[in-house]
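The opening position of the sequence shown corresponds to residue 18 in our numbering, with each subsequent residue numbered one higher. Think of the CB as a built atom: it goes at the ideal place given N, C-alpha and C, for glycine as much as any other residue. Keep in mind that this is a model prediction, so the values were computed, not measured.
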Amino acid sequence: MQHVPEPWRVKVVEPIHLPDRDTRRRRLEAAGYNVFALPAADVYIDLLTDSGTSAMSDNQWAGLMLGDESYAGARNFFSFRDTVQEITGLPFIIPTHQGRVAENLLFSTLIKPGMKVPSNNHFDTTRANIEVNGGEAVDLVIPEGRDPESEHPFKGNIDLDALDAFLAASGRQQVPVAMLTVTNNSGGGQPVSLENIRAMGEICHRHGVPFFLDACRFAENAWFIKQREPGQGHRSVRDIAADMFAAADGCTMSAKKDGLANIGGFIALRDQGLFDALRNMLIVIEGFPTYGGLAGRDLEAVARGLKEVLDERYLEFRVGQVQALWERLDAAGVPMIRPAGGHAVYLDARRFLPHLDQEVFPAQALTVALYLEGGIRGVEIGGVMFGTTDPETGQAVWPQMELVRLAIPRRVYTNSHLRYVAEVVEQLHRDASSIRGLNMVYQAPVLRHFTARFELL
Ligand code: F0G
Numbered sequence: 018m019q020h021v022p023e024p025w026r027v028k029v030v031e032p033i034h035l036p037d038r039d040t041r042r043r044r045l046e047a048a049g050y051n052v053f054a055l056p057a058a059d060v061y062i063d064l065l066t067d068s069g070t071s072a073m074s075d076n077q078w079a080g081l082m083l084g085d086e087s088y089a090g091a092r093n094f095f096s097f098r099d100t101v102q103e104i105t106g107l108p109f110i111i112p113t114h115q116g117r118v119a120e121n122l123l124f125s126t127l128i129k130p131g132m133k134v135p136s137n138n139h140f141d142t143t144r145a146n147i148e149v150n151g152g153e154a155v156d157l158v159i160p161e162g163r164d165p166e167s168e169h170p171f172k173g174n175i176d177l178d179a180l181d182a183f184l185a186a187s188g189r190q191q192v193p194v195a196m197l198t199v200t201n202n203s204g205g206g207q208p209v210s211l212e213n214i215r216a217m218g219e220i221c222h223r224h225g226v227p228f229f230l231d232a233c234r235f236a237e238n239a240w241f242i243k244q245r246e247p248g249q250g251h252r253s254v255r256d257i258a259a260d261m262f263a264a265a266d267g268c269t270m271s272a273k274k275d276g277l278a279n280i281g282g283f284i285a286l287r288d289q290g291l292f293d294a295l296r297n298m299l300i301v302i303e304g305f306p307t308y309g310g311l312a313g314r315d316l317e318a319v320a321r322g323l324k325e326v327l328d329e330r331y332l333e334f335r336v337g338q339v340q341a342l343w344e345r346l347d348a349a350g351v352p353m354i355r356p357a358g359g360h361a362v363y364l365d366a367r368r369f370l371p372h373l374d375q376e377v378f379p380a381q382a383l384t385v386a387l388y389l390e391g392g393i394r395g396v397e398i399g400g401v402m403f404g405t406t407d408p409e410t411g412q413a414v415w416p417q418m419e420l421v422r423l424a425i426p427r428r429v430y431t432n433s434h435l436r437y438v439a440e441v442v443e444q445l446h447r448d449a450s451s452i453r454g455l456n457m458v459y460q461a462p463v464l465r466h467f468t469a470r471f472e473l474l
């Protein structure tokens, strides 16, 4: 493929700074070897998340100046609503300040204790919002989606037979809604095919179950469909995205991803009765229906970002930049989830650090080593995030995989920054045997990864 340069030029710069090695060592020690506790100013290349970290365009910044901060009926709400309607074809729009509030509204309204919600893979906040309402979140991704080595082009697909059997066994009464995450963040940022989305819609509707997309990365998913799905290559991403939403009854969205904004989200849906119920709840927990927890200027930034994200030159660069990082690391023999995801590469810490047992947190150790070696911040998705203790036996229960996600913010880092990241990872890979494990010395009772503390072994 021909080299694809950044489809933007730089108008404003934000200095970044690599503290010297000794400072990095001290910062890690003070942070209890948990990169969530590092001051961001001491991070050189921050790949903690692609959420809320996008660089806005000149057009979005100009839109901020047109923010109408009226309590009710601000003009920015109408450009927001019209844009979401135009892209999704969904008539009823509820703005929220981020994705998890959309999830909270939907599940607190629909779920009664004992109910179940299937998905390919639920993202953590989606799962948590189902569980706090007494429901059960059920993951039904295809078997290839659980295999880090599989090269399936749509590893985010849901297992349709398993879904059909699940809905037949559970019934409409027990399943208030079915979700599908596009792209599948918890499964490595892998896409879902249009064929799979449509088939899921048909199965859900046959069982009388509403079907919602978790649409955070809908544009990246649509780009993968254009690239990989037979018969879709000649179509525009905008048309493909419209078809994705056409198969669904609604969606939840964090505009902090494919909204190219620093804050924002929404629910869009077809059912007026549900819309009325959600809107009443919105007024209780977020704000009036024409701002939903956002300033008018933020609504404008999202409205403009949603249009920009469908620019195919942007998407070609965006997904290509992640792919190029992955390919370079793959060529150097670095173990990762295959193939590249849309927004991140996922290092496989068990194979990267074969000398470390799961009890000493290999993915956390690799995350720490990345910061120490190069001032790079990734995020552990392994035993710290998902490890638990069996309440009966007191034994530790470990997740299947130990991953470090390097999530690439949108329009923030250049290819040169990512070349530096690749060099640091390759260096660590060569010296992997010198990386030491960790001992956890503090953990909170829930979501322990955010505040856990460690010491070096
Ligand atoms: N759904 C998915 C698939 C997500 O990736 C996220 C957030 C959310 C929902 C929640 O949205 O943060 O706006 O409340 N993912 C971020 C991440 C945090 O780092 O992957 P939110």
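When the beta-carbon positions are compared, Phe-229 and Val-199 stay at least 8 Å from each other.
Asn-146 is positioned such that its CB atom lies closer than 8 Å to that of Arg-117.
Three or more Cβ pairs closer than 8 Å define a contact, and the segment 278-286 meets that threshold against the segment 106-116. Counting along the chain, no alpha helix (DSSP H) covers Ala-461, and no H or E run does either. The Cβ atoms of Ala-366 and Leu-420 lie closer than 8 Å to each other. Looking at Glu-212, His-224, Phe-403 and Cys-221, the one whose alpha-carbon comes closest to that of Asn-238 is Glu-212.
One alpha carbon belongs to Pro-408, the other to Arg-465, and they sit about 16 Å apart. Thr-410 has its CB no nearer than 7 Å to any heavy atom of ligand 1.
Between Gly-80 and Glu-317, the C-beta spacing is below 8 Å. Asn-137 sits away from Val-226, with the two beta carbons spaced by 8 Å or more.
As the crow flies, the alpha-carbon of Gln-207 is around 37 Å from that of Met-82.
With contacts defined as CB atoms closer than 8 Å, Leu-123 and Leu-295 qualify as a contacting pair. Within the segment 333-386, the runs of beta strand (DSSP E) that reach at least 3 residues and sit entirely inside it are, in chain order, 361-365. Note on Ile-425: 16 or more other CB atoms within 10 angstroms of its CB, so buried under the neighbour-count rule. The residue from Pro-130, Ile-280, Gln-244 and Gly-250 with its alpha-carbon nearest to that of Gln-115 is Ile-280. Rounded to whole angstroms, Gly-404 and Arg-92 show a C-alpha spacing of 47 Å. The continuous stretches of beta strand (DSSP E) do not include Lys-324, which lies in the alpha helix (DSSP H) extending over residues 313-325. Contact check for Gly-358 and Val-339: beta-carbon distance about 7 Å, within the 8 Å limit, so the pair qualifies. The segment 299-314 and the segment 55-62 do not touch, with fewer than three beta-carbon pairs separated by less than 8 Å. Excluding five sequence positions before and after His-446, the CB atoms of its chain that fall closer than 6 Å to its own CB belong to Val-351, given in chain order. The Cβ atoms of Gly-391 and Val-441 lie closer than 8 Å to each other. Residue state for Asp-156 is assigned as strand, using DSSP reduced to three classes.
A check of alpha carbon separations from Glu-23 across Phe-334, Ala-154 and Asp-37 identifies Phe-334 as the nearest.
Beyond the five residues adjoining it in sequence on each side, Leu-45 comes within less than 7 Å, by CB distance, of Val-385, Tyr-388 and Leu-389 in the same chain, given in chain order. Checking the 7 Å criterion, the Cβ of Lys-273 is within range of a heavy atom belonging to ligand 1.
For the pair Met-270 and Ala-320, the CB atoms are not nearer than the 8 Å cut-off.
Counting along the chain, the unbroken beta strand (DSSP E) around Met-196 starts and ends at 195-198.
For a cut-off of 8 Å, the C-beta gap from Ala-349 to Arg-453 is around 22 Å, too long to register as a contact. Gly-322 and Ala-278 do touch by the CB rule: their CB atoms are close to 5 Å apart, below 8 Å. Boundaries of the alpha helix (DSSP H) around Ala-179: 177-191. Listed in chain order, the non-local C-beta contacts of His-222 below 8 Å within the same chain comprise Phe-228, local neighbours out to five positions each way being set aside. Relative to ligand 1, Asn-202 has its C-beta within less than 7 Å of a heavy atom.
The three-state reading of DSSP puts Lys-133 in strand, counting E and B together. DSSP, read as helix, strand or coil, puts Leu-277 in coil. Bounds of any alpha helix (DSSP H) do not take in Val-21, whose DSSP letter is neither H nor E. Taken in chain order, the complete alpha helix (DSSP H) segments of 4 or more residues contained in the segment 219-284 are 235-245 and 254-263.
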